[in-house]
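First the structure, in the form of structure tokens, and then the observations on it.
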Amino acid sequence: MANPNKRRLAKMWNHVWIHALVWLLVVFAVFPILQIVAISLRPGDQLYSTELQLIPDGATLDAYRIMFTEKPFLLWLRNSMVVSLGTAVIGVALASLGGFALSRYRFGGRGAALQGILMTQMFPATMLLLPLYLLMRKLHLVDTLGGVMIAYVATALPFCIWTMKGYYDTIPVALNEAALIDGCSPLQAFMRVTLPLSTPALVITALFSFMTGWSEFMVARVMLASKELMTLPLGLESLFTTYQTEWANYAAGSLLVCLPVVVLFLVLNRYLVSGLTLGSVKG
Amino acid sequence: MKRGNALALVKLAKVSKVYPGNVRAVAPMDLEIAHGEFTVLVGPSGCGKSTTLRMIAGLEEITEGDISIGDRIVNDVEPRDRDIAMVFQSYALYPHMTVGDNMGFGLRMRKHPKEEITKRVGEAARVLGIEELLQRKPRALSGGQRQRVALGRAIVRNPEVFLFDEPLSNLDAKMRVQMRTEIARLHHRLGATMIYVTHDQTEAMTLGQRIVVMKDGFVQQVAPPLDLYERPANRFVGGFIGSPAMNFLPGHLIQQDGLRLVCADGQTTCELPAGFEPPAQTVGPKLVLGIRPEHVSVGGSNPSAATELQVLESLGNETLAYFQVAGQSVTARCPGQLTAGIDEKLNLSFAAEHIHLFGADEEGANLLHEG
């Protein structure tokens, strides 16, 4: 039998190193955010500082004021909102229907479709940039928010379809059948019974699609040329010029970009957690 | 709530179901269900009973044949237009709706006035004793309550035909008996046509006015419960209906100081009682003798067999005694208490009027009640 003191010591040691590791990771995660907050508050455009103060000496909210008054931040925000919300709405609409078909109906090529959808996720987005650009040019969609939106929907859709399909698989088919007998058409049964029960998956799908549009830079950089169509990531990039970088403005803008997403995550937190875990256990 | 005498005959004409890959679920079957009749489809798992019910509901496409409800063929009619209601094994209550909304959903979809929906839901809730549950969500209900709500959802619609797909399978034994009585009461009250699927022969026997026994997609026999019990069409029906199951002794009959069964082992013979007079052609060829446990008595002056007692189960009101005759298990159901020791040699007597003879082939047709 092991010595109880030795066991207690081993348990304590385990505690210590697990906590040390967790704190180290927390520092890695939080430090950049605190740095950005500090930079956004510093007077002038100082990127580096010898101090570790969160609120630097002479802290000012000038950068935030400049973003709203001197920079077209609200225009970038509007463009990003249009693109992201559009991507989310189209993504949810297509994924909820596509996922349902793949979950509930048996048809020729279903397996191949599922595999094919999954396979599109294997290619890095940058690899698809050129063909995507050529396609959009043919469709006269280059330098339009609609074109960017279509590109984002295409990127987000495979994951969203799989999420929705996986969730529908956990909803008993009998519910849908009961609705059909109760007087619903197949579409009504889907809208009135299946869809309201799929809220967690719909939230995940919407959020994922929204985020695809919100933070994306590369596709937007290639597809959008007009200043008035710039999305937030492009707008922030425009603060870097050959001779000068407006670090405080850049930092303030970055934080402002994060804000709506943080709020969205907080509001949808409940659905998000259940949505990510649901489907893993049947019943 | 009792319906009028509108024609509501469900008719299946050569209806079959074959799944992709040539998997036959239901062989061509004919069945007619009269208005107001309570018909039970019974059989073991995979016999095609649920598929048949789902084809009637329109949830499963039929491969061949015609299904008619009333005076119209409904092969291509959507489930919502068949004027049916269905109670599912899993209850299939809409989790996001209250009990009241669940029950009124069918009427709402058919655009009935709000006042009428409230009235009919209230009336159904009163019949089923669930008035106080109307504002609750299904997750806050017990299994029995959920099943009542599912029943309520069906009766609110007042359909031509009620379909039940193993509705009591998820309930515990006590609740199952209670709900069984409830369904029987409901049938009596509504006088509606009901088609009920179960694998439980007790449910089938107690509820059905007519029972359809199925096996491997084929209908084995369609008959009222007592007919099934007393005159099973074949060995499968004989063994499936009745609990404990019918005893089977393979062998052949000979005339030697009266009628005897020579068991399949070639050594054991059972003397058959004097009153048992089968047709002459059954003497000689291989066959299977069937006798229900309740028709085997322990003791008696003219025993059919003498063998050692293996297991004794006392159930209070009756005792089940298990024996082996020529390698076959034989059960005797004795009223009251049986006092005997294990391995004690006892006489078994078969009741002459309850002996069945079945063919020895795979079909095992009843040789005493053919056709």
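The listed protein sequences derive, respectively, from chains Z and F. Residue numbers for the first sequence follow the working numbering, beginning at 1 and rising by one. Residue numbers for the second sequence follow the working numbering, beginning at 1 and rising by one. Using N, Cα and C, we set each Cβ at its ideal position, and we do this for glycine too.
- How many Å lie between F/C270 and F/E318 at the Cα? Residue numbering aside, residue 270 of chain F sits at position 270 when the second sequence is read from its first letter. Residue numbering aside, residue 318 of chain F sits at position 318 when the second sequence is read from its first letter. Distance between the alpha carbons of F/C270 and F/E318 is about 25 Å.
- Query: So with Cβ pairs under 7 Å, would you call Z/D182 a contact of chain F?
  - Reply: Mapped onto the first sequence, residue 182 of chain Z falls at position 182. At least one C-beta of chain F is nearer than 7 Å to the C-beta of Z/D182.
- Query: Within 7 Å (strictly less), CB to CB, does F/S68 reach chain Z?
  - Reply: By one-based count along the second sequence, residue 68 of chain F stands at place 68. Closer than 7 Å: no.
- Less than 7 Å separating the beta-carbons of Z/N79 and Z/L229? Numbered from its first residue, the first sequence carries residue 79 of chain Z at position 79. Numbered from its first residue, the first sequence carries residue 229 of chain Z at position 229. A contact, by the Cβ cut-off of 7 Å.
- Query: In whole angstroms, what is the alpha-carbon distance linking Z/L21 and Z/A251?
  - Reply: By one-based count along the first sequence, residue 21 of chain Z stands at place 21. By one-based count along the first sequence, residue 251 of chain Z stands at place 251. So the alpha carbons of these two residues sit roughly 29 Å apart.
- For Z/H19, which of helix, strand or coil comes out of DSSP? Walking along the first sequence from the start, residue 19 of chain Z turns up at place 19. Helix at Z/H19.
- Task: Taking only runs that begin and end inside the region 110–196 of chain F, name each unbroken alpha helix (DSSP H) of 4 or more residues, in chain order.
- Result: Fully enclosed alpha helix (DSSP H) runs of no fewer than 4 residues occupy 114–128, 143–156 and 173–190 of the region 110–196 of chain F, in order along the chain.
- Task: Please list the segments of the alpha helix (DSSP H) lying wholly inside the region 209–296 of chain F, counting only runs of 4 or more residues, in order along the chain.
- Result: As far as the region 209–296 of chain F is concerned, its whole alpha helix (DSSP H) runs of at least 4 residues are 225–230 and 235–240.
- For chain Z, is any of its Cβ atoms less than 7 Å away from the one on F/L151? As a working note, residue 151 of chain F is residue 151 in the second sequence. False, the Cβ-Cβ gap to chain Z never drops below 7 Å.
- Query: So F/F88 packs on Z/A174, CB below 8 Å; how close in whole Å?
  - Reply: Stepping through the second sequence from its first residue, residue 88 of chain F is reached at position 88. Stepping through the first sequence from its first residue, residue 174 of chain Z is reached at position 174. Right, their Cβ atoms sit about 5 Å apart.
- Task: Report, in whole angstroms, the separation of the C-beta atoms of F/V26 and F/T51, which I expect to be a contact under 8 Å.
- Result: Counted from its first residue, the second sequence places residue 26 of chain F at position 26. Counted from its first residue, the second sequence places residue 51 of chain F at position 51. Their Cβ separation, rounded to whole angstroms, is 5 Å, which keeps F/V26 and F/T51 in contact under 8 Å.
- Query: So the alpha helix (DSSP H) Z/Q188 belongs to, where does it begin and stop?
  - Reply: Residue numbering aside, residue 188 of chain Z sits at position 188 when the first sequence is read from its first letter. Per DSSP, Z/Q188 belongs to the alpha helix (DSSP H) from P186 to A189.
- Task: Use the C-beta contact count for F/I62: other C-beta atoms within 10 angstroms, 16 or more gives buried, fewer gives exposed.
- Result: Looking up residue 62 of chain F in the second sequence gives position 62. F/I62 comes out buried.
- Are the Cβ atoms of F/N247 and F/A306 separated by less than 7 Å? Taking the first residue of the second sequence as 1, we reach residue 247 of chain F at position 247. Taking the first residue of the second sequence as 1, we reach residue 306 of chain F at position 306. Cβ atoms of F/N247 and F/A306: not closer than 7 Å.
- I think F/L253 touches F/T282, with their Cβ atoms under 8 Å apart; what is that distance to the nearest whole Å? As a first step, residue 253 of chain F is located in the second sequence; it is residue number 253 there, counting from the start. As a first step, residue 282 of chain F is located in the second sequence; it is residue number 282 there, counting from the start. Confirmed, about 6 Å.
- Could you list which residues in chain Z have their beta carbon closer than 7 Å to that of F/Y94, in chain order? Counting from 1 along the second sequence, the entry for residue 94 of chain F is found at position 94. By Cβ distance, chain Z contributes L175 and V193.
- Message: Here's a check: name, in chain order, each residue in its chain whose Cβ is nearer than 7 Å to the Cβ of F/N234, leaving out the five neighbours to either side.
- Response: As a working note, residue 234 of chain F is residue 234 in the second sequence. If we look at F/N234 and ignore the five residues flanking it on each side, its Cβ neighbours are Q220, F358, E363, G364, A365 and N366.
- Task: Could you name the residues of the same chain whose beta carbon sits closer than 8 Å to that of Z/A125, not counting the 5 residues immediately before and after it, in chain order?
- Result: For this step, residue 125 of chain Z is matched to residue 125 along the first sequence. The answer, listed in chain order, is T155, M218 and V219.
- Task: Rounded to whole angstroms, what's the CA-CA distance from F/M194 to Z/A178? Just pull it up for me.
- Result: Mapped onto the second sequence, residue 194 of chain F falls at position 194. Mapped onto the first sequence, residue 178 of chain Z falls at position 178. Using only the alpha carbons, I get a separation of about 17 Å.
- Task: Please classify Z/G283: is it buried, with 16 or more other beta-carbons within 10 angstroms of its beta-carbon, or exposed?
- Result: Along the first sequence, one-based indexing puts residue 283 of chain Z at 283. With a pLDDT of 35 at Z/G283, under the threshold of 50, the predicted position of this residue should be treated as unreliable, and no value is reported.
- Message: Among the candidates F/P250, F/P279 and F/D71, whose CA atom is the shortest distance from the CA of F/G372?
- Response: Residue 372 of chain F is absent from the model: chain F starts at 1 and stops at 371.
- Outcome for F/I241 when other beta-carbon atoms lying within 10 angstroms are tallied against a minimum of 16: For the purposes of this step, residue 241 of chain F is taken as residue 241 along the second sequence, with counting starting at 1. F/I241 should be labelled buried.
- Check: Z/K71 C-beta below 6 Å from any heavy atom of the ligand HEM: The ligand HEM is absent from the structure shown, which contains no ligand whatsoever.
- If Z/V92 sits next to Z/S209, beta carbons under 8 Å apart, how far is it from one beta carbon to the other, in whole angstroms? By one-based count along the first sequence, residue 92 of chain Z stands at place 92. By one-based count along the first sequence, residue 209 of chain Z stands at place 209. That belief holds up - the Cβ atoms of Z/V92 and Z/S209 are roughly 7 Å apart, short of 8 Å.
- Along the alpha helix (DSSP H) that carries Z/Y64, what are the first and last residues, could you check? The residue given as residue 64 of chain Z occupies position 64 in the first sequence. That run of the alpha helix (DSSP H) goes D62 to T69.
- Give the DSSP-derived three-state secondary structure of F/C334 in the structure shown. On the second sequence, position 334 is the one that residue 334 of chain F refers to. The answer is strand: DSSP assigns F/C334 an E or B state.
- Nearest CA to the CA of F/Q135: which residue from F/V121, F/A184, F/K17 and F/V74? For this step, residue 135 of chain F is matched to residue 135 along the second sequence. F/Q135 has its Cα closest to that of F/V121, out of F/V121, F/A184, F/K17 and F/V74.
- Would you call F/R82 buried or exposed, if buried means 16 or more other Cβ atoms sit within 10 Å of its Cβ? Taking the second sequence and counting its residues from 1, one reaches residue 82 of chain F at position 82. By the beta-carbon neighbour count (other beta carbons within 10 angstroms, threshold 16), F/R82 is buried.
- Task: Identify every residue that forms a DSSP beta bridge with F/G319.
- Result: By 1-based counting over the second sequence, the position of residue 319 of chain F is 319. Checking the displayed sequence, the identity of residue 319 of chain F turns out to be Thr instead of Gly. DSSP output for F/T319 lists F/S314 and F/C334 as bridge partner(s).
- Query: Should Z/P131 be labelled buried (16 or more other beta-carbon atoms within 10 Å of its own) or exposed?
  - Reply: Translated into the one-based positions of the first sequence, residue 131 of chain Z becomes position 131. Counting the other CB atoms within 10 Å of its CB gives Z/P131 a total below 16, which places it among the exposed residues.
- Could you list which residues in chain Z have their beta carbon closer than 7 Å to that of F/R110, in chain order? Residue numbering aside, residue 110 of chain F sits at position 110 when the second sequence is read from its first letter. Within chain Z, G183 have C-beta atoms less than 7 Å from the C-beta of F/R110, given in sequence order.
- Message: Closer than 8 Å between beta carbons: that is the criterion. Which residues of the region 196–208 of chain Z meet it against chain F?
- Response: For the region 196–208 of chain Z, the beta-carbon criterion of a distance under 8 Å to any beta-carbon of chain F is satisfied by P196 and L197.
- Task: Mind listing the chain F neighbours of Z/P290? Cutoff is C-beta to C-beta under 8 Å, in chain order.
- Result: Residue 290 of chain Z cannot be examined here, being either before or after the span of chain Z that is shown, 1 to 283.
- State the CB to CB distance for the pair F/D138 and F/A85, rounded to an integer number of angstroms; the pair is presumed to be in contact (CB under 8 Å). In the second sequence, the residue the question calls residue 138 of chain F occupies position 138. In the second sequence, the residue the question calls residue 85 of chain F occupies position 85. Residue 138 of chain F is actually Pro in this sequence, not Asp. About 17 Å separates the beta carbon of F/P138 from that of F/A85, a gap too long to meet the 8 Å contact definition.
- Task: Give every residue of the same chain whose Cβ lies closer than 8 Å to the Cβ of Z/L118, excluding the five residues on either side of it in the sequence, and list them in chain order.
- Result: In the first sequence, residue 118 of chain Z corresponds to position 118, counting from 1. Around Z/L118: P158 and W162.
- How is the alpha helix (DSSP H) around Z/P158 delimited, first residue to last? Mapped onto the first sequence, residue 158 of chain Z falls at position 158. Note, Z/P158: alpha helix (DSSP H), L145 to T170.
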